[in-house]
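Just so you know, the sequences run in chain order A and B. Residue numbering for the first sequence is 308 to 545, as defined by the numbering used here. Residue numbering for the second sequence is 39 to 293, as defined by the numbering used here. What follows is a set of notes on a single structure, which appears directly below.
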Amino acid sequence: MSGFRFESVTKTFGNEEIFRELSLQGAPASFLCVVGKSGVGKSTFLRLLGGFDQAEKGTITIGGEQVTRPQKKCPMVFQSYEQLFPWLPVWENIAFPLRVIGVDKSERRNRAMEALQAVGLEQDAKKYPHQLSGGMKQRVALARAWIAEPQLLLMDEPFGGLDMMTREVLQDLLISLWREKQWTVVFITHDLREAARLSTDLLILRENGSWEMKKNELSQPRDPYSAELNRWIREIEL
Amino acid sequence: MKQLRIKAILILACCLIWQGVYWTGMYSPLIFPSLGTIVHALGRDFVEGALIEQFIYSMRLVIEGLLLSIVLGLGIALIARSSSVFRSGIDLLISLAHPLPGVALLPLVILWAGIGEGAVLFIIVHSVLWPFLVSLFGALDRLPQTQQEVADNYEIFGWRRLIWVDLPGSFPGFLSGVKIGWSRAWRALISAEMIFGATSGSGGIGWYLFQKRVFMDTAGLFAGLVVIMVIGILIEGIFFRWIEKRTVIRWGMER
């Protein structure tokens, strides 16, 4: 896993300045949740870090290397279900990053089955994405990112379109995978309760281009409805 | 199954109307033969082997032309995906060449390539390539942005991107391009054969039709038309449907 750093990053859309001289860093194996109102630049932050967009000024580095384009060591899990390839069965979707680097088919299948087991979908390996529910599709996307052995895992509101119960199940799954693998995770959400449950660090982006970093030292395991967690949420000003 | 039954009833109704018109004696049997005469002509030419030979010859030319167009189209798409200048040039070429009927090019083709198989293939490729490219480019341009970003994320580029991501992602458009190409290829072949005549051996279905008209064998002419229609039904309704079931329908990508 790798840490990351933003150094004096400025990003504008037209005349609107999304970030001005943004400088911050994420430690290796940290879980940074990015929150803020709609339009403050949460997804832009993630897209810059992932190399999908470029900043006008400043540098972004991951593990000391400057980000210039998307890289397979920093896989992104998107909110859109279109991130899965509909023509590939579940196991081949998951094994896609291995196919790209030339891993042979039997090895790909074995590792995909291992990842499927980790996300609880071993019975669905041969199904196609359109045969899965929204929650199952996001599990597949998570397994695909997992198999890529990420140095930095980027997640853009991955559970945004799911019902509350499915979200909590997937949050538990993500926490256990993160603890086991010690990934560095950057997770965008508009749900403060989700951020409170998952994060070690919280980045709050605000409309005027200002931002605030906050440590989350709530004790583990975190009950999403505990008084302690509710108190922590109330302290946050968006 | 219900649809198949409806189609069968419609065909039967058409046959009955045809035979009914024949029985009224409104038209001379020379220009409006009975169903029995058409079936007899069909059987006769099949048994004698001429129709089978001509059918195989035409099918070979159509398949060759179609495959050549698909390969050319994919090559063009690959380059166009990586060069916007090339893509603009191809777009211009498509807008110029697509509306141009293959038959309009015949005088030029005869001058350039003579009247052999090469000339027929040229006409077929011209008739197939442009609509195929329109369909393929349309589908490629509509590929979901998220899928493209996933491909960028896993650093897959060039021909691997085309084969592994872009082509399967645009497969409904690709398949519809091939279907359009198939019917355009048939039309081009029949027209070219009727104008060029036999380009080799006993010629193809177009030449068969031409001969039947010249010798006033109207039943044989209709037999040729029946063969063309049956091939159309088999390819469209069975072969392409079979491919669709194993691809776009299985993948949940049908529109």
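Backbone N, C-alpha and C fix where the C-beta goes; we use that ideal spot for every residue, glycine too. Note that this is a predicted model, so its numbers are computed, not measured.
Chain A contact for residue i (CB, 8 Å cutoff)
i	result
E187(B)	yes
R288(B)	yes
D190(B)	yes
I194(B)	yes
F260(B)	no
P210(B)	no
T62(B)	no
T184(B)	yes
P169(B)	no
M97(B)	no
M3(B)	Absent from the structure is residue 3(B), since the part of chain B shown begins at 39 and ends at 293.
P71(B)	no
P145(B)	no
Per-residue DSSP class, three states only, for residue i
i	result
S551(A)	Look at the range of chain A in this structure, 308 to 545, and you will see that residue 551(A) is not part of it.
D508(A)	strand
G289(A)	Absent from the structure is residue 289(A), since the part of chain A shown begins at 308 and ends at 545.
G343(A)	strand
F385(A)	coil
Q57(B)	helix
L181(B)	coil
K434(A)	coil
K250(B)	helix
T285(B)	coil
R376(A)	coil
L105(B)	helix
S315(A)	strand
D463(A)	strand
E483(A)	As written in the sequence, residue 483(A) is Ser, which differs from the Glu given in the question. Three-state result, S483(A): helix.
R222(B)	helix
L134(B)	helix
S121(B)	coil
V447(A)	helix
M520(A)	strand
G365(A)	strand
Buried versus exposed, by CB contacts within 10 Å (16 or more), residue i
i	result
E389(A)	buried
T496(A)	buried
E542(A)	exposed
T256(B)	buried
L464(A)	Contrary to the premise, residue 464(A) reads as Glu rather than Leu in this sequence. Burial call: buried.
D479(A)	exposed
S173(B)	buried
D411(A)	exposed
W490(A)	buried
P528(A)	exposed
D530(A)	exposed
S387(A)	buried
Spatial neighbours of residue i in its chain, beta-carbon cut-off 7 Å, leaving aside the 5 residues before and after
i	result
L391(A)	N400, P436, K444, V447 and A448
A177(B)	S208, P210, G211 and F212
T375(A)	G358
Closer than 8 Å to chain B by CB, residue i
i	result
V410(A)	no
F361(A)	Residue identity differs from the one stated: residue 361(A) is Gln in this sequence, not Phe. No, no contact with chain B.
M462(A)	no
K379(A)	yes
E535(A)	no
Q373(A)	no
M383(A)	yes
P404(A)	yes
H497(A)	no
V407(A)	yes
Y435(A)	yes
Residues near residue i by beta carbon distance below 6 Å, same chain, minus five either side
i	result
F248(B)	M232
F466(A)	R474 and L477
E514(A)	V347
G442(A)	L469 and T473
Q430(A)	none
Own chain, CB closer than 8 Å to residue i, minus 5 neighbours either side, in chain order
i	result
K433(A)	P396, V397 and W398
L104(B)	I162, V166, V216, G219, W220 and A223
L138(B)	H164
L99(B)	E155, V158, L159, I162, L227 and G242
L170(B)	The amino acid occupying residue 170(B) in the given sequence is Phe; Leu does not appear at that position. Once the five neighbours on either side are set aside, the close Cβ partners of F170(B) are S107, I108, G111, G215, V216, I218 and G219.
V59(B)	Y65 and F70
Legend entry - Meets three-Cβ-pair contact criterion under 8 Å: the segment 337–350 of chain A and the segment 500–513 of chain A: yes
Legend entry - Validate contact between the segment 158–177 of chain B and the segment 217–232 of chain B using beta carbons, cut 8 Å, 3 pairs: yes
Legend entry - Contact between the segment 138–150 of chain B and the segment 204–213 of chain B (3+ Cβ pairs under 8 Å): no
Inset, instruction - Could you tell me whether the segment 64–81 of chain B touches the segment 257–266 of chain B, where touching means 3 or more Cβ pairs closer than 8 Å? - result: yes
Inset, instruction - Check whether the segment 310–319 of chain A touches the segment 367–384 of chain A, counting contact only when three or more Cβ pairs, one atom from each stretch, lie closer than 8 Å. - result: Yes, the segment 310–319 of chain A touches the segment 367–384 of chain A.
Inset, instruction - Count the CB pairs spanning the segment 356–364 of chain A and the segment 317–330 of chain A that are closer than 8 Å, and state whether there are at least three. - result: yes
Inset, instruction - Anything in the segment 384–398 of chain A with a Cβ closer than 7 Å to a Cβ of chain E? List those residues in chain order, please. - result: Looking at the structure shown, chain E is missing, and the protein chains on hand are A and B.
Inset, instruction - Could you tell me whether the segment 124–139 of chain B touches the segment 88–105 of chain B, where touching means 3 or more Cβ pairs closer than 8 Å? - result: no
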